[in-house]
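Peer 1:
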Amino acid sequence: MLFDAGKSFSETAGRMALLGKEIREVDGIVLSHAHGDHYQGIGPIARRLAIPVYVRKEVYSACRWKLGPLNVRHFEGEFRIKELAITPIETSHDVTSCGFVVGRFGMFTDTGCVTSQMKEAIRELDAVLLESNYDEEMLMNGPYPRLLKERILSARGHLSNDDASDFIRRHGSHLSMVFLAHLSGQNNTAEKVREAFESLNADRPYVVCSRSRQTGTYLLNGRGSGLEI
Ligand SMILES: [Zn+2]
Ligand SMILES: [Zn+2]
Numbered sequence: 501m502l503f504d505a506g507k508s509f510s511e512t513a514g515r516m517a518l519l520g521k522e523i524r525e526v527d528g529i530v531l532s533h534a535h536g537d538h539y540q541g542i543g544p545i546a547r548r549l550a551i552p553v554y555v556r557k558e559v560y561s562a563c564r565w566k567l568g569p570l571n572v573r574h575f576e577g578e579f580r581i582k583e584l585a586i587t588p589i590e591t592s593h594d595v596t597s598c599g600f601v602v603g604r605f606g607m608f609t610d611t612g613c614v615t616s617q618m619k620e621a622i623r624e625l626d627a628v629l630l631e632s633n634y635d636e637e638m639l640m641n642g643p644y645p646r647l648l649k650e651r652i653l654s655a656r657g658h659l660s661n662d663d664a665s666d667f668i669r670r671h672g673s674h675l676s677m678v679f680l681a682h683l684s685g686q687n688n689t690a691e692k693v694r695e696a697f698e699s700l701n702a703d704r705p706y707v708v709c710s711r712s713r714q715t716g717t718y719l720l721n722g723r724g725s726g727l728e729i
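To convert a position in the sequence shown, counted from 1, into the working numbering, add 500.
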């Protein structure tokens, strides 16, 4: 499965190939919300592979004309794709959005605050992919217009490095791996993410996911969680 697809077919296939994965083995794509950085690659990838796209009705109506013709399957609550059970988790964004839990792995991006469902869900997880979107100082001193800065900072925007690190400190001390992702290209650096995370989570294993290249292949199965393979 792919969870969101913001890159083109060839970029996605290329990055997967570098991880030893074949894009033709993807059985479907799940879409979290109607923002281009999450759905731009979906139309071309899903059509070329002839695979279904799983999306909430409201999200689909917000971007269907951009997605083009697709084999769409709607979900609202928990749903299954073959043997995989997928649970949507409420996030807080300026459009209808959600994160996902699959087994003991959770993916939470595009949320202006940590929601109660995220706090609840993380208790059962071994590993999490969490947004660490911006460094507050870089955002405030950066070139974005005031309104956009306010949107990002708001409870329906994105999680800052400090918010993400604090969430893990308070609720994730049992995790065996944390993937810090969805870094802003303008208002963040991997170094800032590392500084914020390590200041609050000294011994927690983590990886900062790059915007421009694949992250790695990890085994996520309970005790072995977080093992890079
Ligand atoms: Zn996004
Ligand atoms: Zn978004």
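All C-beta atoms, glycine included, are put in the ideal place defined by N, C-alpha and C.
Out of VAL595, GLU590, ASP594, state which residue places its alpha-carbon closest to the alpha-carbon of MET607.
Peer 2: For MET607, the nearest C-alpha among the options comes from GLU590.
Peer 1: At what residue ranges does the segment 547-630 contain a whole run of the beta strand (DSSP E), taking only runs of 3 or more?
Peer 2: If we require 3 residues or more, the beta strand (DSSP E) runs fully inside the segment 547-630 come out as 553-555, 572-574, 579-581, 584-590, 598-602, 605-608.
Peer 1: Please determine whether the Cβ atom of ASP610 lies at a distance below 6 Å from any heavy atom of ligand 2.
Peer 2: ASP610 Cβ: within cutoff of ligand 2.
Peer 1: Would you say the beta carbon of HIS535 comes nearer than 6 Å to a heavy atom of ligand 2?
Peer 2: Indeed, a heavy atom of ligand 2 lies less than 6 Å from the Cβ.
Peer 1: Which residues in the same chain as PHE605 place their Cβ atom closer than 6 Å to its Cβ, once the five residues preceding and following it in sequence are excluded?
Peer 2: Here the set comprises ALA627, LEU720.
Peer 1: Can you say whether ASN571 is buried or exposed, counting buried as having 16 or more other CB atoms within 10 angstroms of its CB?
Peer 2: With fewer than 16 other Cβ atoms within 10 Å, it is exposed.
Peer 1: Do the segment 511-524 and the segment 552-571 touch if we need at least three Cβ pairs shorter than 8 Å?
Peer 2: No, the segment 511-524 does not touch the segment 552-571.
Peer 1: Take every Cβ of the segment 651-664, pair it with every Cβ of the segment 607-621, and state whether three or more of those distances are shorter than 8 Å.
Peer 2: Touching, per the Cβ criterion.
Peer 1: Based on DSSP bridge pairs, tell me the residues matched to ILE529.
Peer 2: Answer is LEU502, VAL553.
Peer 1: Quick check on DSSP: helix, strand or coil for TYR644?
Peer 2: Looking at TYR644 - three-state DSSP - the assignment turns out to be coil, as it is neither helix nor strand.
Peer 1: Measure the Cβ-Cβ separation of LEU700 and ARG669 and say whether it is below 7 Å.
Peer 2: A contact, by the Cβ cut-off of 7 Å.
Peer 1: Helix, strand or coil: how does DSSP classify ALA655 here?
Peer 2: Here ALA655 sits in coil by DSSP.
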